[in-house]
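For the record, the sequence lines run as chains A and B. Just so we're aligned: 104 in our numbering is position 104 of the first sequence, and the numbers increase by one with no gaps anywhere. Just so we're aligned: 106 in our numbering is position 106 of the second sequence, and the numbers increase by one with no gaps anywhere. Here a beta-carbon is modelled for each residue, glycine too, at the ideal position from N, C-alpha and C.
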Amino acid sequence: SQQGEEDPQALSIQEGENATMNCSYKTSINNLQWYRQNSGRGLVHLILIRSNEREKHSGRLRVTLDTSKKSSSLLITASRAADTASYFCATAFNSGNTPLVFGKGTRLSVIA
Amino acid sequence: EPEVTQTPSHQVTQMGQEVILRCVPISNHLYFYWYRQILGQKVEFLVSFYNNEISEKSEIFDDQFSVERPDGSNFTLKIRSTKLEDSAMYFCASTLLAETQFFGPGTRLTVL
């Protein structure tokens, strides 16, 4: 299956530090998306990167995609306590109306 | 900013009872989805819906589940006879161009 698997499972850092989370998947994809979930809440879309893109930025977020290694990374720079959440990657097998396949997520704790 | 809404936020029911979870997708969106997340586990795809019919469904979406778009705004998920293992957070999502999916805040279903 085209599972996204994040690592690490949990990450604890000090405010101001950078946080890097990784995601691996198994099959070819059309795009990969990162979502944030605060405890017990909904999923907030962060960024989408397409299979023909290698890097994307959005504010303090930087996402890379390496299709040869079937992996992606999410970098949050200058982390804040408010960044504390679980982060999930989700892959889409093709374009169009296709279900997302989510990984298990990385639980990020940013300590003030 | 438009957002997906879901009601109720929390539903408690007895095993064997029927439940209906309601979603109001973003108004101009065309594709609709239901996902669920059992506590501590991955977000899993249940079903997608487009043009008033099911586009795709997972093996989780068995005969106990049904979806409906009864009017131009609501999108519902019905579970006919709930089981203990149906306890989960249920997320509705919608998208316009079948790419970035926007998720609602979820309904926490507890089956006793």
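Helix, strand or coil at residue i according to DSSP, with G and I counted as helix
i: Asp62 (chain B); result: coil
i: Glu85 (chain B); result: helix
i: Ala93 (chain B); result: strand
i: Asp7 (chain A); result: strand
i: Ala19 (chain A); result: strand
i: Asp71 (chain B); result: coil
i: Ala81 (chain A); result: helix
i: Thr27 (chain A); result: coil
i: His29 (chain B); result: coil
i: Glu53 (chain B); result: strand
i: Ser95 (chain A); result: coil
i: Lys69 (chain A); result: coil
i: Thr100 (chain B); result: coil
i: Leu112 (chain B); result: coil
i: Ser9 (chain B); result: coil
i: Ser12 (chain A); result: strand
i: Ser51 (chain A); result: coil
i: Glu3 (chain B); result: coil
i: Arg36 (chain A); result: strand
i: Ile120 (chain B); result: Residue 120 (chain B) lies beyond the stretch modelled for chain B, which goes from 1 to 112, so this question has no answer here.
i: Ala90 (chain A); result: strand
Any chain A beta carbon closer than 8 Å to residue i
i: Tyr90 (chain B); result: no
i: Pro25 (chain B); result: no
i: Ser94 (chain B); result: no
i: Lys83 (chain B); result: no
i: Ser55 (chain B); result: yes
i: Glu1 (chain B); result: no
Whether residue i touches residue j by CB criterion (8 Å)
i: Leu32 (chain A); j: Leu65 (chain A); result: yes
i: Gly104 (chain B); j: Gly42 (chain A); result: yes
i: Asn97 (chain A); j: Ser55 (chain B); result: yes
i: Phe93 (chain A); j: Gly105 (chain A); result: no
i: Ser32 (chain B); j: Leu46 (chain B); result: Checking the sequence, you will find Phe at residue 32 (chain B) rather than Ser. Not in contact: Phe32 (chain B) and Leu46 (chain B) (Cβ atoms no closer than 8 Å).
i: Gly16 (chain A); j: Ala82 (chain A); result: no
i: Gln37 (chain A); j: Ala85 (chain A); result: yes
i: Leu109 (chain B); j: Val19 (chain B); result: yes
Chain-ordered neighbours of residue i on chain A, where CB pairs are closer than 9 Å
i: Gln17 (chain B); result: Residues of chain A passing the Cβ test: none, with the nearest at roughly 23 Å.
i: Pro8 (chain B); result: Result: empty, since nearest Cβ-Cβ is about 14 Å, beyond 9 Å.
Interface partners of residue i on chain A, CB under 8 Å
i: Ile100 (chain B); result: The amino acid occupying residue 100 (chain B) in the given sequence is Thr; Ile does not appear at that position. By Cβ distance, chain A contributes Gln33, His45, Leu48.
i: Thr105 (chain B); result: Reading off the sequence, residue 105 (chain B) comes out as Pro, not Thr. Chain A residues near Pro105 (chain B): Arg41, Gly42.
Beta carbon proximity, residue i to chain B, threshold 8 Å
i: Asn22 (chain A); result: no
i: Leu11 (chain A); result: no
beta-carbon residue i near the ligand GTP non-hydrogen atom, thresh 7 Å
i: Ser24 (chain A); result: As far as ligands go, the structure on display features none, and thus does not contain the ligand GTP.
Closer than 7 Å, Cβ to Cβ, to anything on chain A: give me those residues from the segment 57-78 of chain B, in chain order.
none
Residues within the segment 32-66 of chain A neighbouring chain B, beta-carbon criterion of under 8 Å:
Gln33, Tyr35, Gly40, Arg41, Gly42, Leu43, Val44, His45, Leu48
If contact means a Cβ-Cβ distance below 8 Å, which residues of the segment 83-103 of chain A contact chain B?
Phe88, Ala90, Ala92, Ser95, Gly96, Asn97, Thr98, Pro99, Leu100, Val101, Phe102, Gly103
Taking beta-carbon pairs under 8 Å, can you tell me which members of the segment 40-51 of chain B lie near chain E?
Note that chain E does not occur in the displayed structure, where the protein chains are A and B.
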